[in-house]
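J.:
Protein chains: 2
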Amino acid sequence: MTMENISANRSFGGWQRQYNHYSETLGCSMRFAVYLPPQVEQGEHGEPGIKVPVLYWLSGLTCTDENFMQKAGAHRIAAELGVAIVAPDTSPRGDGVPDDAEGAYDFGLGAGFYVNATEEPWAKHYRMYDYIVNELPQLVQQEFPVTDRWSISGHSMGGHGALMIGLKNPQQFCSVSAFSPICNPMQAPWGQKAFANYLGDDREAWRQYDSCELIKIAKSVPPILVDQGSDDQFLTEQLQPEKLVRAVASSGLNFELRIQPGYDHSYYFIGSFIEEHMRFHASHLNK
Amino acid sequence: MTMENISANRSFGGWQRQYNHYSETLGCSMRFAVYLPPQVEQGEHGEPGIKVPVLYWLSGLTCTDENFMQKAGAHRIAAELGVAIVAPDTSPRGDGVPDDAEGAYDFGLGAGFYVNATEEPWAKHYRMYDYIVNELPQLVQQEFPVTDRWSISGHSMGGHGALMIGLKNPQQFCSVSAFSPICNPMQAPWGQKAFANYLGDDREAWRQYDSCELIKIAKSVPPILVDQGSDDQFLTEQLQPEKLVRAVASSGLNFELRIQPGYDHSYYFIGSFIEEHMRFHASHLNK
Numbered sequence: 059m060t061m062e063n064i065s066a067n068r069s070f071g072g073w074q075r076q077y078n079h080y081s082e083t084l085g086c087s088m089r090f091a092v093y094l095p096p097q098v099e100q101g102e103h104g105e106p107g108i109k110v111p112v113l114y115w116l117s118g119l120t121c122t123d124e125n126f127m128q129k130a131g132a133h134r135i136a137a138e139l140g141v142a143i144v145a146p147d148t149s150p151r152g153d154g155v156p157d158d159a160e161g162a163y164d165f166g167l168g169a170g171f172y173v174n175a176t177e178e179p180w181a182k183h184y185r186m187y188d189y190i191v192n193e194l195p196q197l198v199q200q201e202f203p204v205t206d207r208w209s210i211s212g213h214s215m216g217g218h219g220a221l222m223i224g225l226k227n228p229q230q231f232c233s234v235s236a237f238s239p240i241c242n243p244m245q246a247p248w249g250q251k252a253f254a255n256y257l258g259d260d261r262e263a264w265r266q267y268d269s270c271e272l273i274k275i276a277k278s279v280p281p282i283l284v285d286q287g288s289d290d291q292f293l294t295e296q297l298q299p300e301k302l303v304r305a306v307a308s309s310g311l312n313f314e315l316r317i318q319p320g321y322d323h324s325y326y327f328i329g330s331f332i333e334e335h336m337r338f339h340a341s342h343l344n345k
Numbered sequence: 059m060t061m062e063n064i065s066a067n068r069s070f071g072g073w074q075r076q077y078n079h080y081s082e083t084l085g086c087s088m089r090f091a092v093y094l095p096p097q098v099e100q101g102e103h104g105e106p107g108i109k110v111p112v113l114y115w116l117s118g119l120t121c122t123d124e125n126f127m128q129k130a131g132a133h134r135i136a137a138e139l140g141v142a143i144v145a146p147d148t149s150p151r152g153d154g155v156p157d158d159a160e161g162a163y164d165f166g167l168g169a170g171f172y173v174n175a176t177e178e179p180w181a182k183h184y185r186m187y188d189y190i191v192n193e194l195p196q197l198v199q200q201e202f203p204v205t206d207r208w209s210i211s212g213h214s215m216g217g218h219g220a221l222m223i224g225l226k227n228p229q230q231f232c233s234v235s236a237f238s239p240i241c242n243p244m245q246a247p248w249g250q251k252a253f254a255n256y257l258g259d260d261r262e263a264w265r266q267y268d269s270c271e272l273i274k275i276a277k278s279v280p281p282i283l284v285d286q287g288s289d290d291q292f293l294t295e296q297l298q299p300e301k302l303v304r305a306v307a308s309s310g311l312n313f314e315l316r317i318q319p320g321y322d323h324s325y326y327f328i329g330s331f332i333e334e335h336m337r338f339h340a341s342h343l344n345k
């Protein structure tokens, strides 16, 4: 695997960088961003840099690798805690990758929903689940000074992705968190549109990517923290945190879901609570 | 004066808001953003909110009122310190406002350079100096719970604006800071293009808007802090901090200019040092 560094910005003593690489899983060139905290570099007195744990961040509909890095204010905390952040794109992109016929924001490009599509014409490229769970971490392990301690977080569609991937791979992630996740995509318009197109009409095939369904069959889960704004414009129709609360209550699992009064779906909400999420992850990454 | 609230986002316990108002000075409708920290609101136990001091932020070329609020990570610190932030747009905009004939990024819309234009067709609308120094603060004082303690900061073209306005109005601002300012616009391509168009060919008329020229005639200045990245792609040709250092050295004024190794012209640089600037301003706003 080869990759090309396409941008580098000094940030809080570390580096914000973007890379292009050819993804075998997705069959296209992909861009991702990484924040490397100052701890990975040689110290002022020649001390060698150390390897650091990784937080994977999955973004929401319409986003790229850039939104979180530019708007969340997470670099400051990552630099303090000594955690790398990896932010992939939200779908395959580029030549030959099909998009929604009408260019809708909630399906196709920018809306991969972190599943492996089985239906045509999506099945060839739209395999974001495998990309996030397998190919990207392998590349990151190979190319950057990181340990094998990983956590995962995300927002909205990416909150769904983080919860779902964390629930399906409890050994792979030390902790999981989400902002405003699509909790029960099988029962939400965004999820139904995406799953029907990517996975077909058989709803049995949808369950494997629905956090509420996964909780029902989970035996153990990593520590999980979810924040949801009470004034989120997508709360009732798309996000449905009450479904997650109900599933968790029935499961007997340990799970923190907080409603934050007055906050909405924006990056101002993420920015306001990202420090608590980062400290939550660091407490488990550094165990 | 009337204004319309067009967005509101809860952020760090306070509010990020955008407003439209008709500017008599600029002859067009203008948008600006304000962050109001939690201190202005009634407390949990019914304590009344308090009035807070204001930091005016002037953005750089191509920016609007949004860039700083979304990317700098300043809300967290403003919320802690109890400081409001006001971010205006970078030029007049809208129906009838002329733009660069070729739509260049460095002149016209998004590039008002914080001067009062005297040349046609710019003189009617391009009066950002008066807008920032007079009309906008009057509106802010009238409409928001703020004190009459103000500071000013900015980036690049807005760093030029903050320094120049602070030097011309030392009684109005408790402190002044800048990131990567255009220090000597009369001698820089960006400034020469803007000043020739807005102010005409007589370079004597340019001096009143050039920080290095203003320092030569200043009797007293507010406390000033300037940060400049050593790896800024505009450093040598456009920003010329060495000119500012020379002018300050000749003046005997008190002035801190820091070179930050490895940082560039991006918001990652601003984000990395905005906390120090906010604490610098708060220390003078709260005297």
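Protein chains in written order, with my numbering: chain A, 59 to 345; chain B, 59 to 345. Positions of the beta carbon are idealized from the N, C-alpha and C atoms, including for glycine.
So, is the C-beta of A/His335 closer than 8 Å to a C-beta in chain B?
T.: Taking the first sequence and counting its residues from 1, the one referred to as residue 335 of chain A is at position 277. A/His335 does not count as touching chain B.
J.: Using only the alpha-carbon positions, how far apart do B/Cys270 and B/Leu293 sit?
T.: The residue labelled residue 270 of chain B in the question sits at position 212 within the second sequence. The residue labelled residue 293 of chain B in the question sits at position 235 within the second sequence. If you take the alpha carbons of B/Cys270 and B/Leu293, they lie about 16 Å apart.
J.: In terms of residue numbering, what span does the beta strand (DSSP E) encompassing A/Ile135 cover?
T.: Sequence index remark: in the first sequence, residue 135 of chain A carries index 77 (1-based). Element bounds for A/Ile135: not the beta strand (DSSP E) but the alpha helix (DSSP H), 133-139.
J.: Can you pull the DSSP bridge partners for A/Tyr93?
T.: By 1-based counting over the first sequence, the position of residue 93 of chain A is 35. A/Tyr93 is bridged to A/Gln74, A/Ile143.
J.: Select from B/Leu315, B/Ala132, B/Pro106 the residue whose C-alpha is nearest the C-alpha of B/Gln298.
T.: Taking the first residue of the second sequence as position 1, residue 298 of chain B is located at position 240. Residue B/Leu315 is the option with its Cα nearest to B/Gln298.
J.: Under 7 Å Cβ-Cβ, which residues of chain A neighbour B/Ser69?
T.: Numbered from its first residue, the second sequence carries residue 69 of chain B at position 11. Per Cβ cutoff of 7 Å: Tyr326, Gly329, Ser330.
J.: By the 9 Å beta-carbon criterion, what residues does the region 293-326 of chain A contribute toward chain B?
T.: If the cut-off is 9 Å between Cβ atoms, the region 293-326 of chain A has Gln318, Pro319, Gly320, Tyr321, Asp322, Ser324, Tyr325, Tyr326 near chain B.
J.: Measuring straight from C-alpha to C-alpha, what distance separates A/His342 and A/Ser233?
T.: Within the first sequence, numbered from 1, the residue matching residue 342 of chain A stands at position 284. Within the first sequence, numbered from 1, the residue matching residue 233 of chain A stands at position 175. Looking at the two C-alpha atoms, the distance is approximately 6 Å.
J.: In its own chain, which residues sit with a C-beta less than 6 Å from the C-beta of A/Tyr267, not counting the 5 before and 5 after it?
T.: As a first step, residue 267 of chain A must be located in the first sequence, where it is residue number 209. Hits under 6 Å: Val173, Met222.
J.: Run through the region 168-247 of chain B for me and flag every whole alpha helix (DSSP H) of 4 or more residues, listed as ranges in chain order.
T.: Here the runs fully enclosed are 194-201, 215-226.
J.: Does the beta-carbon distance from B/Ala386 to B/Tyr93 come in below 8 Å?
T.: Absent from the structure is residue 386 of chain B, since the part of chain B shown begins at 59 and ends at 345.
J.: Determine the DSSP secondary structure at A/Ile332, reduced to helix, strand or coil.
T.: In the first sequence, residue 332 of chain A corresponds to position 274, counting from 1. Of the three classes helix, strand and coil, the one that applies to A/Ile332 here is helix, per DSSP.
J.: Where do the ends of the beta strand (DSSP E) carrying B/Ser69 lie?
T.: For the purposes of this step, residue 69 of chain B is taken as the residue at position 11 of the second sequence. Here the beta strand (DSSP E) through B/Ser69 covers 61-69.
J.: With a threshold of 16 other CB atoms inside 10 Å of the CB of B/Asn242, please say whether the residue is buried or exposed.
T.: Position 184 of the second sequence, counted from the start, is the residue given in the question as residue 242 of chain B. Looking at its Cβ environment, which holds 16 or more other Cβ atoms inside 10 Å, B/Asn242 is buried.
J.: Would you list the residues sitting across from A/Asn113 in a DSSP beta bridge?
T.: As a working note, residue 113 of chain A is residue 55 in the first sequence. Note that residue 113 of chain A is Leu in the sequence shown, not Asn. Note: A/Leu113 sits in a beta bridge opposite A/Ile143, A/Ser209.
J.: Please classify A/Gln74: is it buried, with 16 or more other beta-carbons within 10 angstroms of its beta-carbon, or exposed?
T.: In the first sequence, residue 74 of chain A corresponds to position 16, counting from 1. That one is buried.
J.: Is the separation between the beta-carbon of A/Leu84 and that of A/Pro179 shorter than 8 Å?
T.: By one-based count along the first sequence, residue 84 of chain A stands at place 26. By one-based count along the first sequence, residue 179 of chain A stands at place 121. Not in contact: A/Leu84 and A/Pro179 (Cβ atoms no closer than 8 Å).
J.: With distance defined between alpha-carbon atoms, name the residue in A/Gln100, A/Ala132, A/Glu105, A/Val110 nearest to A/His335.
T.: Walking along the first sequence from the start, residue 335 of chain A turns up at place 277. Here the closest residue by C-alpha is A/Ala132.
J.: If you reduce the DSSP assignment to three classes, tell me which class B/Gln318 lands in.
T.: Taking the first residue of the second sequence as position 1, residue 318 of chain B is located at position 260. Strand at B/Gln318.
J.: Less than 6 Å between C-beta atoms, sequence neighbours within five positions excluded: which residues of the same chain meet that for A/Ser87?
T.: The residue you call residue 87 of chain A lines up with position 29 of the first sequence. Within the same chain, A/Ser87 has close Cβ partners Asn78, Tyr80, Gly152.
J.: Using 8 Å as the Cβ pair cut-off and three pairs as the minimum, do the region 62-73 of chain A and the region 110-119 of chain A touch?
T.: Not touching, per the Cβ criterion.
J.: Using a Cβ-Cβ cut-off of less than 8 Å, list which residues of the region 118-139 of chain A approach chain B; keep chain order.
T.: Within the region 118-139 of chain A, the qualifying residues are Gln128, Lys129, Gly131, His133, Arg134.
J.: Tell me whether B/Gly249 sits in a helix, a strand or coil according to DSSP, three-state version.
T.: For the purposes of this step, residue 249 of chain B is identified with residue 191 of the second sequence, where counting begins at 1. In this structure, B/Gly249 counts as helix in the three-state DSSP scheme.
J.: Let me know the secondary structure DSSP gives B/Tyr326 once reduced to three states.
T.: For the purposes of this step, residue 326 of chain B is taken as residue 268 along the second sequence, with counting starting at 1. The answer is helix: DSSP assigns B/Tyr326 an H, G or I state.
J.: In chain order, what residues of the same chain have a beta carbon less than 7 Å from the beta carbon of B/Ile328, not counting five sequence neighbours either side?
T.: Taking the second sequence and counting its residues from 1, the one referred to as residue 328 of chain B is at position 270. Same-chain partners within the cutoff: Ala130, His213, Phe237.
J.: So for A/Gln286, helix, strand or coil by DSSP?
T.: As a working note, residue 286 of chain A is residue 228 in the first sequence. Correct three-state label for A/Gln286: strand.
J.: Opposite A/Ser81 in the DSSP bridges: which residues?
T.: To locate residue 81 of chain A, count along the first sequence from 1; it is residue 23. Partner(s): A/Cys86.
J.: Counting along the chain, where does the alpha helix (DSSP H) carrying A/Gln128 start and finish?
T.: Here the question's residue 128 of chain A lines up with position 70 in the first sequence. Element bounds for A/Gln128: 124-129.
J.: What residues in its chain sit with their C-beta under 7 Å from that of A/Asn255, if we drop five residues either side in the sequence?
T.: For the purposes of this step, residue 255 of chain A is taken as the residue at position 197 of the first sequence. Closer than 7 Å at the Cβ level, and outside the excluded window around A/Asn255, lie Phe165, Glu177, Trp180.
J.: At the level of alpha carbons, what is the spacing between A/Pro228 and A/Ala276?
T.: Along the first sequence, read from residue 1 onward, the residue named residue 228 of chain A stands at position 170. Along the first sequence, read from residue 1 onward, the residue named residue 276 of chain A stands at position 218. Each residue's alpha carbon lies about 9 Å from the other.
J.: Given a limit of 7 Å on CB to CB distance, which residues of the region 68-96 of chain B reach chain A?
T.: Residues passing the 7 Å Cβ filter: Arg68, Ser69, Phe70, Gln74.
J.: What separation, rounded to the nearest whole angstrom, lies between the Cα atoms of B/Asn192 and B/Trp264?
T.: Position 134 of the second sequence, counting from 1, holds the residue named residue 192 of chain B. Position 206 of the second sequence, counting from 1, holds the residue named residue 264 of chain B. One C-alpha to the other measures close to 20 Å.
J.: For B/Gly140, which residues from the same chain have a beta carbon less than 6 Å from its beta carbon, with the 5 sequence-adjacent residues on both sides left out?
T.: Here the question's residue 140 of chain B lines up with position 82 in the second sequence. So the qualifying residues of the chain are Pro95, Gln97, Val110.
J.: Can you tell me whether A/Arg185 is buried or exposed? The criterion is at least 16 other CB atoms within 10 Å of its CB, across all chains shown.
T.: Taking the first sequence and counting its residues from 1, the one referred to as residue 185 of chain A is at position 127. A/Arg185 comes out buried.
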